[in-house]
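In my numbering, the protein residues as written are 215 to 405. Worksheet: the structure to be examined is printed underneath.
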């Protein structure tokens with residue numbers, strides 16, 4: 215929504231408007247009864263070309279390639295083995311405006327686990343708060359590894375709980391009921 219408003223600033227037709235409808239979650243996604251609590255178990259779930267995965271990072275994060283619709287459903291069961299979603303996005307190399315909603319955060323909220331994000335992830339800080347504790351400044355390997363260290367040091371403590379609660383609160387935006395309410399608000403505003 216912010217990207218569209220920015221692109222159309224000064225060009226708005228009185229009859230047109232930009233509205234927000236959050237991304238829905240796949241109904242096949244399984245909510246685990248609980249996630250592992252013995253130690254940090256990070257996972258990246260998505261298209262591998264969209265993230266940073268060096269050898270050193272791969273030693274600490276499991277990468278599940280999930281970029282084709284027919285590949286995703288079997289992987290949902292595997293998400294129950296992990297307790298942190300790695301949401302580091304590779305920086306855009308194009309000048310083209312591409313807005314990607316923070317769907318990885320919505321997936322993590324459904325599972326009930328915190329996320330590690332980089333500041334270049336669209337709308338993540340808007341949704342989680344500028345003081346969300348598990349944020350890396352940039353996508354350099356050393357910064358990401360330091361971020362993983364910070365999460366591991368915080369695991370199970372109050373900072374971890376705060377991060378988990380903030381991500382879980384995203385359910386108020388992406389649950390089926392929330393999406394239906396947002397959609398109805400948009401339709402109602404068109405009358």
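Think of the CB as a built atom: it goes at the ideal place given N, C-alpha and C, for glycine as much as any other residue.
To the nearest angstrom, report how far apart residue i and residue j are at their CA atoms.
i	j	result
residue 399	residue 405	11 Å
residue 326	residue 345	19 Å
residue 366	residue 304	22 Å
residue 339	residue 333	8 Å
residue 396	residue 384	14 Å
residue 388	residue 237	7 Å
residue 290	residue 329	17 Å
residue 284	residue 277	17 Å
residue 297	residue 281	21 Å
residue 250	residue 403	44 Å
residue 362	residue 306	22 Å
residue 292	residue 337	26 Å
residue 323	residue 257	14 Å
residue 279	residue 288	11 Å
Thinking just about the alpha-carbon of each residue, which of the options is nearest to the one in residue i?
i	options	result
residue 370	291, 337, 252, 257	252
residue 390	320, 364, 254	320
residue 273	376, 355, 343	355
residue 215	315, 301, 270	315
residue 294	255, 402, 359, 233	255
residue 350	323, 306, 300	300
residue 286	348, 259, 269, 359	259
residue 342	376, 359, 360, 223	376
residue 372	347, 261, 363, 359	347
residue 357	302, 248, 232	302
residue 394	234, 223, 363	234
residue 353	223, 322, 220, 335	335
residue 317	368, 270, 261, 374	261
residue 270	401, 360, 223, 220	360
Name the DSSP bridge partner or partners of residue i?
i	result
residue 279	260
residue 232	Its beta-bridge partners do not exist; DSSP assigns none.
residue 386	None; residue 386 has no bridge partner.
residue 401	Beta-bridge pairing links residue 401 to no other residue.
residue 349	331
Point to revise | 4 or more residues per run - each alpha helix (DSSP H) lying fully within the region 283–333 | key: DSSP runs (the alpha helix (DSSP H)) wholly in the region 283–333: 283–290, 317–325.
Practice item. Would you check if the region 372–384 and the region 264–272 touch, i.e. whether three or more CB-CB distances between them fall below 8 Å? Key: Under the 8 Å Cβ criterion, the region 264–272 does not count as touching the region 372–384, having fewer than three qualifying pairs.
Point to revise | Secondary structure, alpha helix (DSSP H): runs of 4+ residues fully inside the region 353–382 | key: Considered as a whole, the region 353–382 harbours 355–368, 372–382 as its complete alpha helix (DSSP H) runs of no fewer than 4 residues, in chain order.
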